[in-house]
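Heads up, the sequence shown is in the numbering used here, so the first residue is 3 and it goes up one at a time. Every residue, glycine too, gets a C-beta built ideally from N, C-alpha and C. Below is one structure, written out as structure tokens; the observations come after it.
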Amino acid sequence: MIHDIILSLLSDKESKVIKDLMTLEISSNFIHPAEMKTLKDISKISNFYREIKKFISQYSTCANENSRITLEIEANPLPPGFYLQAFANGLEDAMEFYNDTVMDLEKKFLRKPTLSLMFIFHELEKFRPLFEFAIRFINGLKSQRLFGCQILQYLQDHAMHGDSSIMKFVQIIQKSVYMVFIQQLCQWVMYGKFVDIYGEFFICHIEENHDKHPTLNTQYSATTFHSSEPSINLDLWHYEINYEMLPIYFPKSWAEKVLFIGQTVLMFNSDARETEKNMPAESSEFIDAPEKHTVWGDREQILFGKFHILQDIDKLTVLTFEKIVDEIKLCVTEHLSDITVIEADLVKQLKLIKDFYLLGRGELFYEFIKALKPLKSKNLGDDNARAINQAFQLAATSVNIIDETELFYFEVIKNNDKSKDENGQSIILEATNFFDSVFLRYKIKWPLHLLFSPKVLEHYNELFRFLIRIKKTQHDLHLVWCHHREEKIERSSELLQFRNKLMFIVDNLQYYLQADVLESQFSIMMDKLRETKDFEQIQRAHSCFQANILGHCFLLESAQPMTRSVIGNMSTSTTNPVFDILDKILCLTDEFTAFTYIVSNPMCEIDRQTFYIFEDTFSEQVSSLLKLLSSLQTSAQPLAQLLLRLDFNYWFSTEIESKNNVQKY
């Protein structure tokens, strides 16, 4: 009987002998009630073992396929994955101590068959709290349906325990799961690739999404002026951090470093991607070190070996991972900084960005707007795209800027943005002005693709469209003055005075944007770049620069400009209240300029009523703008400059107040 009990301790099924002993009435004739209690306790421990063994058999790497199919029918299985397999494998390794103990019991019994049931129970009793914990541990994993790197967080939550045997038990499983994590981390930071067929890693590959990345996927009209960019430059931005899979004990800054390193390696591999297609596609085994990599040079084997060492460490900490990632990042940034600053001439490229996207070459875009005068349609097509680029080249020739403009060209965005009406039906949103359909493209010089990502260029285009819209408004108001003088329109003083008010607002807004915001922020960024050669610091300075100018140009959701931001988490929006008011003023200006060309000479009653509506609307919008700027200017110095210029000597405030007083009486 004792031997049968020992043999049942490692069995997948409950022993018939023990079951009979616990149920047959005849057993009471030769088993003492105390022994019966002991037998039940032993049976309970063996049942715990069978539950754990069932989980291992279902999810471990070496699980029997036939039994797995049976188990999946009986229970709702967890989603498959390498991390779950590693968890089950680690659980099996952690059970080895129990297996060894049972085997030693059998040897002792064979040498001394007189061993009592109490002796067996005494040897097994130490496993009961461990098995009870293991069952709760497994049930918690199942109930939460944890997956991928989420399992690492679950293990970390249970790693500290007052019972040393339980703590060691969790650490064995944790080491097994970390094996998969280390493999994927190594593959990504060293070679820009990783095996993740189940989507378990915290770095994920995203498919093209027309709504999310319009700069990548929007349908543009074809032009014959320039060729398309290499696909590797787009592939960099198909990877992002899946924060749901990132264990919370890893800082987000560390995950961003990992993403940056892999993207950088991908970029450096752009000329030799075919050589790395022989990497295993469906294997969880650790990859063999390939031939020497151009980024790492002689340090590749050393860095690769450090990841192998991590697999042998019993207790891994966040500091361990941070240390190796920082070391790899240092190698990458040193190599990248030399290329970007010296070979790619970063300073020159940033000045080109300022000259074109931020309208630093004002004379060029003034001529460009003049050349675009024949194009009136808001819904531009393929022929218009060609005409826009021809106008751009003509403007560049007129101001003697030829070589630099070859890096820039325009493409037309198809108006396929969709929204929902009150009934939930999809509707097409057309461009509200001419430049809403225009996208200025920049032929990025390798390896600056990491600095000028699609999101960054999209934000620059938001700025460009806003700035050139203001520039065009200035040009239109100048033409109004010319038209009135050339046509010698009678009694046009009212129109011209109102035009002067609009011109005053637009001119000061344009000066605020160009001088107080763009020039000053660009100088701050360039000062920071002169102080560092670290590419990460360069990237951070550029991100802060773009965040600040977007904020001060009222293109962020918040009404208050941002002083510190990460471009990846920043979104432009027209919900900014300052932008909304400025947009209404610009729209009003467009309507007024169109009105001046069709107004009767002298104005009839209907035209005069329309003109009064323009004046009232303008006063209302300016009043709202001044109040809003007054409430915000305490938190941002540039806004105080804008408020001072717009309401110099309180001229608008006084006029609006006087007008309101007259209306009261």
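Should residue i go down as buried or exposed, given a rule of 16 or more other Cβ atoms within 10 Å for buried?
i, result
"S229", "Per-residue confidence for S229 stands at a pLDDT of 38, beneath the threshold of 50, marking its modelled position as unreliable; the derived number appears in the next sentence. Exposed: under 16 other Cβ atoms inside 10 Å."
"H554", "buried"
"A596", "exposed"
"D300", "exposed"
"H451", "buried"
"D198", "buried"
"I7", "buried"
"A90", "buried"
"Q176", "buried"
"D102", "exposed"
"A397", "buried"
"A517", "exposed"
"C484", "exposed"
"M269", "buried"
"Q189", "buried"
"P253", "exposed"
"I2", "A query on residue 2 cannot be resolved here, the shown segment of the chain reaching from 3 to 667 and no further."
"V334", "buried"
"T217", "For T217, the predicted structure reports a pLDDT of 43, less than 50, and the residue's modelled location is therefore unreliable. A value from the coordinates is still provided. T217 comes out buried."
"G194", "buried"
"S602", "exposed"
"D649", "buried"
"L348", "buried"
"Y100", "buried"
"K42", "exposed"
"I430", "With a pLDDT of 33 at I430, under the threshold of 50, the modelled position of this residue cannot be trusted, and the question is left open."
"L352", "buried"
"N391", "buried"
"L634", "buried"
"E336", "exposed"
"K331", "buried"
"I168", "buried"
If I follow the unbroken alpha helix (DSSP H) through residue i, where does it start and stop?
i, result
"E242", "E242 -> not in any alpha helix (DSSP H); beta strand (DSSP E) instead, spanning 241–243."
"H160", "Careful: H160 lies outside any alpha helix (DSSP H) and carries neither H nor E."
"H124", "119–126"
"W190", "166–193"
"D316", "First-last for D316: undefined, no H or E at that position."
"C606", "Unbroken run through C606: none, as it is neither H nor E."
"H337", "320–340"
"V508", "495–513"
"N141", "130–146"
"R532", "522–532"
"I587", "579–600"
"L268", "254–270"
"I403", "Neither: I403 is in no alpha helix (DSSP H) and is coded neither H nor E."
"M105", "98–113"
"G150", "Run containing G150: none; DSSP gives neither H nor E here."
"A517", "Careful: A517 lies outside any alpha helix (DSSP H) and carries neither H nor E."
"A373", "364–373"
"V297", "No alpha helix (DSSP H) contains V297, which DSSP labels as neither H nor E."
"D357", "348–358"
So what does residue i bridge to, in DSSP terms?
i, result
"Y444", "F410"
"H207", "Y241"
Compute the beta-carbon to beta-carbon distance between residue i and residue j, rounded to the nearest angstrom, for a pair I have assumed lies under 8 Å.
i, j, result
"V179", "L148", "With 8 Å as the limit, V179 and L148 do not qualify as a contact, their Cβ atoms being about 11 Å apart."
"F412", "F454", "That pair is no contact at about 17 Å."
"F394", "Y444", "That belief does not hold up - the Cβ atoms of F394 and Y444 are roughly 13 Å apart, past 8 Å."
"V320", "V191", "At roughly 16 Å, the Cβ-Cβ gap does not stay under 8 Å, so V320 and V191 are not in contact."
"I153", "I205", "Not confirmed; about 16 Å, so no contact."
"L93", "F57", "7 Å"
"R467", "F437", "5 Å"
"I140", "I54", "7 Å"
"G150", "F196", "Wrong, their Cβ atoms sit about 12 Å apart, outside the cutoff."
"K586", "Q623", "5 Å"
If you pair each beta-carbon of the stretch 578–587 with each one of the stretch 617–632, do three or more pairs fall below 8 Å? yes
The stretch 536–546 touching the stretch 497–507, judged by at least three CB pairs closer than 8 Å: no
When the Cβ atoms of the stretch 458–474 are set against those of the stretch 511–527, are three or more pairs found closer than 8 Å? yes
Quick check: the stretch 516–536 against the stretch 354–371, are at least 3 beta-carbon pairs closer than 8 Å? yes
Across the stretch 336–356 and the stretch 531–539, are there enough close Cβ pairs to call them in contact, namely three or more that are closer than 8 Å? yes
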